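**Q** To start, I am sharing the structure in question, which I have written as structure tokens.
Number of protein chains: 2
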Amino acid sequence: MDRAAVLETIRGRVVPSEAEREALATAVEELTARAEAAIETLPVEADTVLVGSTARGTWLAGDRDIDLFVRFPPSLPRENLERYGLDVGYAVLPDGHEEYAEHPYVKGSIDGFDVDCVPCYAVEDATQIRSAVDRTPFHSAYLEGAIEPLADDVRIAKAFLRGIGAYGSNLRTEGFSGFLTELLVLEYGGFLELLEAAADWSTPVEIDPEDHGRRTFDDPLVVVDPTDPERNVAAVCSATNVARLQHYARAFLSSPSTESFETTDPEPLSRADVRSQIDGRGTTPLAVRFSTPDLVEDQLYPQLAKSLDSIVDSLVRGGFEPIRADRFAEPDGSAALFVECAVAELPAIERHTGPPVDVRVHAEGFYDAYESTDVVGPFIDGDRYVVERSREHRTPEEWLEASLFDVSLGPHVETALRTDHDLLVGPAVTELADAFGAELARYFDPRP
Amino acid sequence: MDRAAVLETIRGRVVPSEAEREALATAVEELTARAEAAIETLPVEADTVLVGSTARGTWLAGDRDIDLFVRFPPSLPRENLERYGLDVGYAVLPDGHEEYAEHPYVKGSIDGFDVDCVPCYAVEDATQIRSAVDRTPFHSAYLEGAIEPLADDVRIAKAFLRGIGAYGSNLRTEGFSGFLTELLVLEYGGFLELLEAAADWSTPVEIDPEDHGRRTFDDPLVVVDPTDPERNVAAVCSATNVARLQHYARAFLSSPSTESFETTDPEPLSRADVRSQIDGRGTTPLAVRFSTPDLVEDQLYPQLAKSLDSIVDSLVRGGFEPIRADRFAEPDGSAALFVECAVAELPAIERHTGPPVDVRVHAEGFYDAYESTDVVGPFIDGDRYVVERSREHRTPEEWLEASLFDVSLGPHVETALRTDHDLLVGPAVTELADAFGAELARYFDPRP
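Read top to bottom, the protein sequences are chains A and G. For the first sequence, the positions run 932 to 1379 when this note's numbering is used. For the second sequence, the positions run 932 to 1379 when this note's numbering is used.
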């Protein structure tokens, strides 16, 4: 297929039908009416605003998310905002339930659409916000009027990013948010234009649509928020996801295919498959397995990442040379921090380098400390004392057992590990296939 | 024993008896007479000069070395100097034989003394020398008159350095030369004064007896040659030997003992002893064994050191983490380059990090090169492509077999290895005990 044919196919998949548009319009109308009626009963002024992709006409066909914000005056105390927000929320979504982001809000459904009814402050401008949700209406207002001619390109871009696994600014994916995608399509003037640009990016890339940025950012991709010069809209986007977009942009431009738009779930590996993988690789795999902490993904995944990094760093310090690592979690199930080491066993001794002999006080202290102990040495190598002392932990397993709670774990991960955990080593890691066969399939056959 | 008693004991051992002094004087007289008679017959002016410790009265009791230099005019062509030098040499030492340093010279014996009869140029001053031997008479002349009152302290200092294994400026020991020892004793005013100073040295130490140094040196100990401001007399002295003097100086000052003056040869290890050492250490030892190249020590040991360093560096690059290494050589026998590795085996795969994805030309080249090959990946980690490709050499043995002739070996070592060599691994290294039991004893129980 040529480029135009591929894009036409994708357009057919991602642009909502007239029926879908109408159903959405009807639902929005009903929600707004309910919200306005509820506001009437409050002892305070407020209004509603539809935000997000459904507001801007850039949602992907089949997406069923409606975000309705209720704006209160900035003078309203926070407790009142929260109480009135929930009042309106339950009036709009009588069967809804409370969730919590920066404020509590009500989540529910109407006519098959998932609805978030979120209270926020109607601040003067986006630099005055009290919490992150206050910014959202400014983003919608900024794009309104500008993004409509590019709405289909935005949809195609979102579908592309979703297909390559880089869509979503949640802290599990660390990818491109919807707003970021819209800004990029707007900046370059279309989907293909974005791919052409991304294929050639030299990071760090800096984009400042309003040309008002006044600080520097330490991120590979910087898109200065057009409503707040101090903020990088792409702050969450990881270097890996920036590179991923570059890779798949080049791949698509040189060989267009609908494949890039399709998320493929790999065939889960069985225990035997995992066994054959680790035997073939000849590595020493380890996994710390525990009950997944009861947290939303945006809290869980950063804690898993921090815990995994700390364990990997610890194994590096221990000399076990981790090759690669990953974290897996089932909600309400088990989670695993998985590391493959290159070194299975170290000697019974380890070299310990002391101070330079010419730094007399330290040198004498070191020599005296080791002279009568059961070490090899102290001897002199170059200008320093050296001993070879016995190594306490010769395998990654012994090392990790001894150091697990000395490393910097996420707090809820630490609690979960202290409650209970298994340390799986070598062939025992095949047990992970029961819960994480698909994740392990992706681990052993990773794509860009 | 207190300090004074120890020094008195040592003095008794190192100061030559009256009989020894007389025997030496008689021998020197006879040698000089023979040399002068031989010079008479030459068509050129020349004179003789006694150099070295016997000339300066600082030799250790029992040392039997006499160095007689024959000085020729600088205008004499080198071929003639060599021919006349040998003529005089054979006249002085009719049973002698030719050896070669920078010039050929004659070595022989008289009345139980070992004599070197060495031709040199009588240059104006030491900065004008044509070869290193021309400098020696200037060193003797510089010390003459100054060193006599300290002769016994020099002897004690030499005996101390010999006892701790740091005496000798040959390229096997890389220690303190006799001349350097004399300059240090002279600088500090005695043996104990040298120890007090050395115990407190902060390296680099710079001593410039004539206060005429005009360049900087990159050595831990710098003693500017009093006859040549461009030369560091201690250039050969290794950092290890400087630190060793510091260590034993402190040990002697805090607890004086004749032990420091006594070289102790350790009990050689048997094959079983070596086996028990490596089993206890849990390391992976390797040795490259070959016929010792037929070279003088000053050529052999630098080549062994260079070869060993290159092999160790190669094993570091291979990921096998050498812990310690040593080189052993029997003249006219076998030599061995011995390395103990921490890592016995690495995985079947190795991580290979490619270019940053945003460096388009390189990134595309890398991706295209690996895309259809049998590797894991390319995947993206951070801003770069990564593949896990199969590792060619999983053990230090396989690695070394493949890389031995790619590393920078000493030329004669390379020739010897190409002629024939064994690669001993693990328990097989116990065979080294047959030739190097004492060296291995020192290796496994090193002293400062």
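Where a beta carbon is used, it is the ideal one built from N, C-alpha and C, also for glycine. Predicted model, so just to flag it, every value in this text is computed and none were measured.
What does Asp1131 of chain A touch in chain G if you count any residue whose Cβ is under 9 angstroms from its own?
**A** Within chain G, the residues near Asp1131 of chain A are Asp1289, Arg1291.
**Q** Kindly say whether Phe1297 of chain A, judged by its beta-carbon, lies nearer than 8 angstroms to any beta-carbon of chain G.
**A** Output row for Phe1297 of chain A: interface = no.
**Q** Where does Arg1103 of chain G sit, in a helix, a strand or coil, going by DSSP?
**A** In the structure shown, Arg1103 of chain G sits in coil (DSSP, three-state: anything other than H, G, I, E or B).
**Q** Could you say if the region 1262-1270 of chain A and the region 1188-1208 of chain G meet the contact criterion of at least three C-beta pairs nearer than 8 angstroms?
**A** The answer is no - the region 1188-1208 of chain G does not touch the region 1262-1270 of chain A, with fewer than three Cβ pairs under 8 angstroms.
**Q** Please name the residues in the region 1307-1326 of chain A whose beta-carbon is closer than 8 angstroms to at least one beta-carbon of chain G, in chain order.
**A** Those would be Val1307, Gly1308, Pro1309, Phe1310, Ile1311, Asp1312, Gly1313, Asp1314, Arg1315, Tyr1316, Glu1319, Arg1325, in chain order.
**Q** Candidates A:Ala1256, A:Arg1181, A:Ser1241: which alpha carbon is nearest Thr1214 of chain A's?
**A** The shortest Cα separation from Thr1214 of chain A among A:Ala1256, A:Arg1181, A:Ser1241 belongs to A:Ala1256.
**Q** I'd like to know if Pro1151 of chain A contacts chain G, where contact means its C-beta is closer than 8 angstroms to some C-beta of that chain.
**A** Pro1151 of chain A counts as touching chain G.
**Q** What does His1178 of chain A touch in chain G if you count any residue whose Cβ is under 9 angstroms from its own?
**A** What His1178 of chain A touches in chain G: Val1288, Ala1294, Tyr1298, Pro1309, Ile1311, Tyr1316.
**Q** I'd like the ranges of any beta strand (DSSP E) spanning at least 3 consecutive residues and lying wholly in the region 957-984 of chain G.
**A** Complete beta strand (DSSP E) runs here, min 3: 978-982.
**Q** Going along the chain, which unbroken runs of the beta strand (DSSP E) with 3 or more residues stay wholly within the region 999-1087 of chain G?
**A** Complete beta strand (DSSP E) runs here, min 3: 1028-1031, 1035-1041, 1044-1052.
**Q** How would you call Tyr1179 of chain A, buried or exposed, if buried means at least 16 neighbouring beta carbons within 10 angstroms?
**A** That one is buried.
**Q** Please list the residues of the region 1068-1102 of chain A that have a C-beta atom closer than 9 angstroms to any C-beta atom in chain G, keeping them in chain order.
**A** If the cut-off is 9 angstroms between Cβ atoms, the region 1068-1102 of chain A has nothing near chain G.
**Q** Rounding to the nearest angstrom, what Cα-Cα distance links Tyr1232 of chain A and Arg1103 of chain A in this structure?
**A** Their Cα atoms are separated by approximately 5 angstroms.
**Q** Express the C-alpha separation of Pro1253 of chain G and Ala966 of chain G in angstroms, rounding to a whole number.
**A** Cα to Cα, Ala966 of chain G sits roughly 55 angstroms from Pro1253 of chain G.
**Q** Using 8 angstroms for Cβ pairs, my map puts Ala968 of chain A next to Pro1004 of chain A. What's the rounded Cβ distance?
**A** Ala968 of chain A to Pro1004 of chain A, Cβ: 19 angstroms. No contact.
**Q** May I have the straight-line CA-CA distance separating Arg1258 of chain A from Gly1096 of chain G, to the nearest angstrom?
**A** Taking the straight line from one Cα to the other gives about 55 angstroms.
**Q** Where does the unbroken beta strand (DSSP E) through Thr1112 of chain A begin, and where does it stop?
**A** From DSSP, Thr1112 of chain A is part of no beta strand (DSSP E) but of the alpha helix (DSSP H) over 1109-1119.
**Q** Starting from Arg1220 of chain G, follow its DSSP beta bridges and name the residues at the other end.
**A** Answer by DSSP bridge pairing, in chain order: G:Ala1267, G:Asp1353.
**Q** Which residues, taken in chain order from the region 1272-1288 of chain A, show a beta carbon closer than 9 angstroms to some beta carbon of chain G?
**A** So the close ones are Cys1272, Ala1273, Val1274, Ala1275, Glu1276, Leu1277, Pro1278, Ala1279, Ile1280, Glu1281, Arg1282, Pro1287, Val1288.
**Q** Just the C-alpha distance for Tyr1073 of chain G and Pro1157 of chain G, rounded to the nearest angstrom, thanks.
**A** Going from the Cα of Tyr1073 of chain G to the Cα of Pro1157 of chain G covers about 8 angstroms.
**Q** So what's Gly988 of chain G in DSSP terms, helix, strand or just coil?
**A** Gly988 of chain G falls in the coil class under three-state DSSP.
**Q** If you run the structure through DSSP and keep just helix, strand and coil, what is Thr1147 of chain G?
**A** Of the three classes helix, strand and coil, the one that applies to Thr1147 of chain G here is coil, per DSSP.
**Q** Using the three-state DSSP reduction, which class does Leu1200 of chain A fall into: helix, strand or coil?
**A** Three-state result, Leu1200 of chain A: coil.
**Q** In the DSSP assignment, find the unbroken beta strand (DSSP E) run with Thr1284 of chain A in it and report its ends.
**A** 1280-1287 is the span of the beta strand (DSSP E), which, as asked, contains Thr1284 of chain A.
**Q** For the region 1210-1225 of chain A, which residues have a beta carbon sitting closer than 7 angstroms to at least one beta carbon of chain G?
**A** Residues Gly1211, Arg1212, Gly1213, Thr1214.
**Q** So, is Ile1071 of chain G buried or exposed, given that buried needs 16 or more other C-beta atoms within 10 angstroms?
**A** Looking at the sequence itself, residue 1071 of chain G is Ser, so the reference to Ile does not match. Buried, since its Cβ has 16 or more Cβ neighbours within 10 Å.
**Q** Does the beta carbon of Arg1248 of chain G come closer than 8 angstroms to any beta carbon on chain A?
**A** False, the Cβ-Cβ gap to chain A never drops below 8 angstroms.
**Q** Cα-Cα, which of G:Ser1303, G:Leu1335, G:Ala1294, G:Trp1330 is closest to Tyr1316 of chain G?
**A** If we check each option's Cα against that of Tyr1316 of chain G, G:Ala1294 comes out closest.
**Q** I think Val1338 of chain A touches Ile1242 of chain A, with their Cβ atoms under 8 angstroms apart; what is that distance to the nearest whole Å?
**A** Right, the Cβ-Cβ distance comes to about 6 angstroms (below 8 angstroms), so this counts as a contact.
**Q** Name the two residues that bound the continuous beta strand (DSSP E) containing Ser1318 of chain A.
**A** Sequence inspection shows Val at residue 1318 of chain A; the Ser mentioned does not correspond to that position. Start and end: 1315-1321.
**Q** Assign Ser1108 of chain A to one of two classes, buried (16 or more other C-beta atoms within 10 Å of its C-beta) or exposed (fewer than that).
**A** Burial call: buried.
**Q** Quick one: what does DSSP say Pro1215 of chain G is sitting in, helix, strand or coil?
**A** Here residue 1215 of chain G is Thr; the residue named in the question, Pro, does not match the sequence. Correct three-state label for Thr1215 of chain G: strand.
**Q** Is Arg1093 of chain A helix, strand or coil by DSSP?
**A** DSSP places Arg1093 of chain A in helix when its eight states are reduced to three.
**Q** Chain A partners of Ile1254 of chain G, CB-CB under 9 angstroms?
**A** Here the neighbours are Pro1278, Ile1280, Glu1281, Arg1282, Glu1319.
**Q** Along the chain, where does the beta strand (DSSP E) containing Asp1337 of chain G start, and where does it finish?
**A** Counting along the chain, Asp1337 of chain G falls outside any beta strand (DSSP E), and DSSP gives it neither H nor E.
**Q** Using the C-alpha atoms, what's the distance from Phe1110 of chain A back to Asp994 of chain A?
**A** Taking the straight line from one Cα to the other gives about 16 angstroms.
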